[in-house]
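Note that the sequence shown covers residues 1 to 149 in full-length UniProt numbering. Think of the CB as a built atom: it goes at the ideal place given N, C-alpha and C, for glycine as much as any other residue. Here the structure comes first, spelled out in structure tokens, and everything after it is commentary.
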Amino acid sequence: MERTFLMIKPDGVQRNLVGEVIRRFEAKGFTLVGLKLIKVSRTLAEQHYDIHKERPFFGSLVDFITSSPVVAMVWEGDGVVASARKIIGATNPLTSEPGTIRGDYGVSIGRNLIHGSDATETAQREISLWFTEDELVSWEPNLTPWLYE
Ligand code: DAT
Ligand code: MG
Numbered sequence: 001m002e003r004t005f006l007m008i009k010p011d012g013v014q015r016n017l018v019g020e021v022i023r024r025f026e027a028k029g030f031t032l033v034g035l036k037l038i039k040v041s042r043t044l045a046e047q048h049y050d051i052h053k054e055r056p057f058f059g060s061l062v063d064f065i066t067s068s069p070v071v072a073m074v075w076e077g078d079g080v081v082a083s084a085r086k087i088i089g090a091t092n093p094l095t096s097e098p099g100t101i102r103g104d105y106g107v108s109i110g111r112n113l114i115h116g117s118d119a120t121e122t123a124q125r126e127i128s129l130w131f132t133e134d135e136l137v138s139w140e141p142n143l144t145p146w147l148y149e
């Protein structure tokens, strides 16, 4: 089953949106398989955003991600990587569609509340960067037959 990495950023935690974010993914029908609240080290933040290291916003992005705790999660389900990106919305919350997390709760690109892996290969890389194997729980929700035919 497909898995994705999601991270509620420091602004999402500080704004008490952890429950709301988790509620949306639970209600959709995805399965939570990993969850932790952590204060991110600079090394981890730099590794996570390695692809953006030449961008002008890299330094402030790393400062932001390490400024206050984040909630790191792994979610499972058919097509969860692409679907989570849709639930999250476009990078700039001012142009994200209403109904998405960023569209409903954000007003600026540097405070866009949540990260979601952008492809299945990225998801695998990010999951192994943020979680050890024994921190992930494989389980079969009783709801499965009511979510999948
Ligand atoms: P996404 O988080 O939608 O995958 P991304 O990978 O392009 O977006 O960028 C990673 C994060 O970097 C993004 O969530 C917020 C920040 N960011 C991106 N573009 C930015 C910009 N032009 N100015 C400031 N921060 C930016
Ligand atoms: Mg990205």
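Query, Result
"Whether residue 36 touches residue 72 by CB criterion (8 Å)", "yes"
"Residues bridged to residue 75 [DSSP beta-bridge criterion]", "4, 32"
"With 16 other Cβ atoms within 10 Å as the buried cut-off, status of residue 93", "buried"
"Cα-Cα separation between residue 77 and residue 63, rounded to whole angstroms", "32 Å"
"Cβ-heavy atom distance, residue 50 to the ligand MG, below 7 Å", "no"
"Cβ pair residue 21, residue 127 closer than 8 Å", "no"
"Proximity winner among 8, 10, 30, 14, relative to residue 144 (alpha-carbon distances)", "30"
"Residue 120: CB within 7 Å of a non-hydrogen atom of the ligand DAT", "no"
"Residue 3 burial status per 10 Å Cβ neighbour count (16 or more: buried)", "buried"
"Where residue 75 falls, given that 16 or more other Cβ within 10 Å makes a residue buried", "buried"
"The segment 48 to 64 in contact with the segment 101 to 113 per 3-pair CB rule at 8 Å", "yes"
"Buried/exposed call for residue 146, threshold 16 Cβ in 10 Å", "exposed"
"Contacting residues, own chain, Cβ-Cβ under 7 Å from residue 9 (five flanking each side not counted)", "65, 70, 113, 114, 115"
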